[in-house]
Amino acid sequence: MDAYQNLRDTQRQSGVDLDDLSGVDGKDLRRVTRAVRVFLGGLMLPDSAAQLLRLDVVLDDKVVESFDDLDAALARAEELEGARVVDGLRLPDRVLLELVNWVIELYSGGQRPPTQSAGCPDTWFCCARPR
């Protein structure tokens, strides 16, 4: 539950509402997506987590270096003209969010986690969906 609360705190601090991405700053969105990956990676076996969390610095379609820390990867990409940071394991954001919802539902027995308010203001993390 602590990892889930950290994830929600990151989402709140960024002000990103993944149900409405209009006007969202790319840096904020990247940080929230990274927080989702860190949350999921914390529940995985080490080898699987390493694949999910790997960030590649790419220049001319070639991986220059790989990182597990977003800030370090961004700093390295800034050093190289034309370089960019990409996820080593590319997954659509909707897949990551579905995994978060599934994990929360699995661990909470289908009930809303105790860290969420009854109104569930952050709809992109609501896991108590009627079936």
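Heads up, the final residue of the sequence shown is numbered 141 in our numbering, and it's a clean run with no missing numbers.
Every residue gets a Cβ at the ideal spot worked out from N, C-alpha and C, and that includes glycine.
The structure presented is a predicted model; accordingly, all values stated were derived computationally and were not measured.
Option nearest S24 by Cα separation, candidates A13, D12, T43 and Y14
Locating residue 24 in the sequence shown gives position 14, counting from the first residue. Checked all of A13, D12, T43 and Y14; the closest Cα to S24 is T43.
By DSSP, does C137 sit in helix, in strand, or in coil?
For the purposes of this step, residue 137 is identified with residue 127 of the sequence shown, where counting begins at 1. Legend: pLDDT at C137 = 43, less than 50; position of this residue unreliable, no value from coordinates given.
Please state whether DSSP places R94 in a helix, a strand or coil.
Numbered from its first residue, the sequence shown carries residue 94 at position 84. Note: R94 maps to strand in three-state DSSP.
From the DSSP output, in three-state form, read off L4 for me.
Because residue 4 is not part of the residues shown, which for the chain are 11 to 141, the question remains open.
By Cβ distance below 6 Å, which residues in the same chain neighbour L106 in space, the five residues on each side in sequence not counted?
As a working mapping, residue 106 is identified with position 96 in the sequence shown. Cβ within range, chain order: V46.
Bridge-paired residues (DSSP) for L63:
Locating residue 63 in the sequence shown gives position 53, where the first residue counts as 1. DSSP output for L63 lists no bridge partner at all.
Whose C-alpha, out of G33, L39, D35 and D66, is nearest the C-alpha of Q21?
On the sequence shown, position 11 is the one that residue 21 refers to. Checked all of G33, L39, D35 and D66; the closest Cα to Q21 is L39.
Within this structure, are the beta carbons of L65 and G51 separated by less than 7 Å?
Counting from 1 along the sequence shown, the entry for residue 65 is found at position 55. Counting from 1 along the sequence shown, the entry for residue 51 is found at position 41. Going by C-beta atoms, L65 is not nearer than 7 Å to G51.
Would DSSP call L69 helix, strand or coil?
Here residue 69 refers to the residue found at position 59 of the sequence shown. In this structure, L69 counts as strand in the three-state DSSP scheme.
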